[in-house]
Amino acid sequence: MANHKSSLKRIRANAAKRLRNRYQAKTTRNAIKKLRNTTTKADASALLGKVISMLDRLAKKNVIHKNKASNNKSKLTKFVNGLS
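For the sequence shown, UniProt numbering assigns the number 84 to the last residue and increments by one with no breaks.
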């Protein structure tokens, strides 16, 4: 275990950030699942903007890789455009 004051503070800060990142990532995954389960294009289009915003935010903070965010956005957009 670390003994320096600054390293103890860093451990506490990292734990808090890890919890926040996990929460945001899980919330985004649930939103993606909810979007995939929609059947009408109107509902999906309304939800798509929010999900894309969440993915962009996670990629910006390096919680997920930027390419993963891009791939998810592309697949979800194709899914929404394919709905009738």
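Note that CB positions come from ideal geometry on N, CA and C, so glycine has one too.
Cβ-based neighbour list, residue i, same chain, cut-off 8 Å, excluding 5 preceding and 5 following
{"i": "S7", "result": "none"}
{"i": "L35", "result": "A44, L47, L48, V51, L76, F79, V80"}
{"i": "K68", "result": "A59"}
{"i": "S41", "result": "Note that residue 41 is Lys in the sequence shown, not Ser. Excluding residues within five positions, the ones whose Cβ falls inside 8 Å are V80, L83, S84."}
{"i": "residue 85", "result": "Here the chain has residues from 1 to 84 only, and residue 85 is not among them."}
For residue i, the three-state DSSP class (helix, strand or coil)
{"i": "K9", "result": "helix"}
{"i": "N3", "result": "coil"}
{"i": "S84", "result": "coil"}
{"i": "I32", "result": "helix"}
{"i": "N71", "result": "helix"}
{"i": "T77", "result": "helix"}
Environment of residue i [buried if 16+ CB atoms lie within 10 Å]
{"i": "I11", "result": "exposed"}
{"i": "M1", "result": "exposed"}
{"i": "N72", "result": "buried"}
Extent of the continuous alpha helix (DSSP H) to which residue i belongs
{"i": "I52", "result": "41-60"}
Same chain, Cβ closer than 6 Å to residue i, neighbours up to 5 away in sequence not counted
{"i": "A13", "result": "none"}
Cutoff 7 Å; reference residue i; Cβ partners in own chain excluding five residues on either side
{"i": "S70", "result": "none"}
{"i": "L55", "result": "T28, A69, N72, K73"}
{"i": "N37", "result": "none"}
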